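FYI, the numbering for the sequence shown is 1 to 418, going by UniProt numbering.
Idealized CB from N, CA, C, for every residue including glycine.
Everything numeric in this text was worked out from a predicted model, so none of it was measured.
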Amino acid sequence: MTEGLVAATSYFADRMSAERAAVRSCMHRRVTDEVPGYFSRGWRDRLHGAAVTSTGHDALELIAQTVSDVIRTGQGASTPPARVFEEVPYAARAGIPWGLCEDAYRACMTGMWDWIILEVQQLPYPKSTQLAVVDKVTHIVFRWFDAAIRRAREEFLAERAKLGRSAARRRAELLRDLAAGRSVSEVELGYPLHRWHRMFILWRPGGALDGDRLRSRFGANTSLAAEADDGSLWIVIGTMDRSPAADIVALLDLEATVRVAASSVHHGVSGLVDAFHEASATYSLALRKLDGRPRQVTAFDEVDVETLLAWDMADAARTAGAELGVLADAGPKAERLRATLESYLSSGCNAAATAKALHMSERAVRHRLQAIEASRTVPIPSRIAQLSIALRVHRALEWREKRSAERTMPVPIPADVE
């Protein structure tokens with residue numbers, strides 16, 4: 001770089017610093033023309049009466065001063081001062097779209113460039129030097145604003161994510177209040193209560209969920225997303241008919257490491273309470289490895305009997321053991337008899353259907369049933385319900401032993417620090 005260009009650039013930077021008010025006017029004019037309404041009373045009201053916005057009023061002079069300092073030092077884009085972004089959290093909280101903020105920043109950049117083109121012609125240097133100054137300063141200004149816009153977008157998205165988590169945790173509190181019998185309105189909850197509801201609890205064993213991404217996949221009028229303190233995400237999907245979101249994995253494009261506890265479908269306010277209790281009970285079973293075989297989605301109607309274990313696992317285990325007798329023993333023989341009895345009960349006590357399901361002869365099935373009857377004092381047909389429950393409880397406990405090393409707890413997301 002020639003000494004003449006260095007001197008001209010430094011002189012120009014001094015002029016920009018001295019003429020900050022004029023630079024601000026050019027930027028303000030561009031924003032007013034290209035982003036109508038940004039400086040209007042209505043927008044300022046939505047910004048909760050903020051006295052200063054980073055792309056308007058006296059903060060624009062700070063932008064001009066900062067850019068002039070960068071031009072003077074020739075060190076490229078510097079980190080923009082925090083003051084430049086002070087309106088970004090207000091905009092995010094007010095629901096103003098990021099696109100409007102970005103347009104305002106770019107309009108500021110264009111306004112500054114307007115001033116540069118007019119001012120560079122007044123430099124007491126040859127035309128060739130003026131053009132070289134324009135080229136150098138333009139690159140610096142564009143790089144600076146690109147960095148500022150990236151930083152502003154990060155601030156905006158971080159604030160929106162923070163607001164989303166805060167609102168989601170508040171909705172979790174409201175759901176608990178509703179389940180406890182307290183009055184909660186649709187307005188408070190932000191979700192229509194007189195629908196068919198199905199609740200899902202999502203979590204990642206040993207890891208954290210990307211709650212922001214998952215929440216963004218739903219519309220406010222059809223779903224409710226809440227975040228629990230333990231790191232799980234609660235989602236309620238409501239529809240006018242009785243078949244909401246059967247395939248939650250496909251709907252949310254869930255990774256295989258994410259697990260889901262799902263309620264049945266219920267209607268109205270009381271139905272939402274029922275859905276909450278069912279999903280919570282299913283989730284509790286899964287955390288304690290009492291939901292049987294490991295699977296990604298566990299529905300309440302698959303483990304409604306196993307929820308007995310959540311109330312008193314020791315008592316449920318004793319009751320199941322007493323009902324099954326020697327069938328509860330360890331070993332392959334007892335295991336074969338339990339499998340035969342379970343299939344027999346689920347087929348409506350039909351030996352032929354049981355044989356077909358187990359891929360064995362009907363004679364072999366009847367032989368096993370005789371062995372089961374011989375071990376009992378009460379005939380099978382008189383204890384169908386009790387035996388079915390006992391078998392499911394025993395199976396859940398067996399699976400729990402096999403899954404002893406499995407991680408099930410989610411990782412809590414730390415609360416935002418104000």
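Nearest to residue i by CA position, among the options, is which residue?
i    : options                : result
M409 : L287, V236, A92, F156  : L287
V411 : L202, P80, G95         : L202
A314 : T282, E278, V393, A179 : V393
S264 : G238, A405, G206, L100 : G238
I96  : L157, P124, D301, V120 : L157
G74  : A92, V133, E19         : V133
E227 : M240, R171, N350       : R171
L214 : L233, A320, T110, L397 : L233
D241 : Q296, R198, E255       : R198
A371 : K333, Q296, R169, G211 : K333
D14  : V137, E342, W311       : V137
E406 : G206, E155, V249       : G206
A107 : D135, L123, A148       : A148
I384 : R259, N350, V260, A310 : N350
Q130 : A317, E119, P379       : E119
M27  : E3, L5, D114, E19      : D114
L387 : S361, D329, G321, R336 : G321
V141 : Q122, R165, M112       : M112
A168 : S128, G231, R363, P192 : G231
Within the same chain, show all residues whose beta-carbon is closer than 6 Å to that of residue i, passing over the 5 residues directly before and after it, in chain order.
i           : result
residue 428 : Because the chain in this structure spans residues 1 to 418, residue 428 falls outside the shown range and cannot be described.
T307        : A281
A299        : A262
In three-state DSSP terms, what is residue i?
i           : result
A355        : helix
M109        : helix
E186        : helix
A405        : coil
T2          : coil
L60         : helix
S377        : Note on identity: in this sequence residue 377 is Thr, with Ser being the wrong assignment. Coil, per DSSP.
G206        : coil
residue 424 : Given that the chain is displayed from residue 1 to residue 418, the structure contains no residue 424 and the question cannot be resolved.
E86         : coil
V35         : coil
Within its chain, find whatever has a CB closer than 8 Å to the CB of residue i; leave out the 5 residues flanking it on each side and keep chain order.
i    : result
L178 : V184, L189, V269, L272, V273, F276
L358 : A339, T340, S343, V365
I117 : V134
Tell me, please, which residues DSSP counts as bridged to residue i.
i    : result
I201 : W234, A261
E102 : DSSP, once it has assigned bridges, lists no residue as partnering E102.
E227 : L233
T239 : W196
H267 : W196
Beta-carbon within less than 7 Å of residue i's beta-carbon, same chain only, minus the 5 sequence neighbours each way: which residues are those?
i    : result
A152 : F85, V88, C101, Y105
R24  : L60, E61, A64
H194 : G268
R72  : S10, A13
Kindly indicate if chain B contains any beta-carbon less than 8 Å away from that of residue i.
i    : result
R171 : Within the model displayed, chain B is absent; a lone protein chain is all it includes.
_Ranges of the beta strand (DSSP E) found wholly within the region 286 to 370, counting only runs of at least 3_ = 297 to 299
*Any chance you could list the alpha helix (DSSP H) runs of at least 4 consecutive residues sitting entirely within the region 115 to 181, in chain order?*
127 to 179
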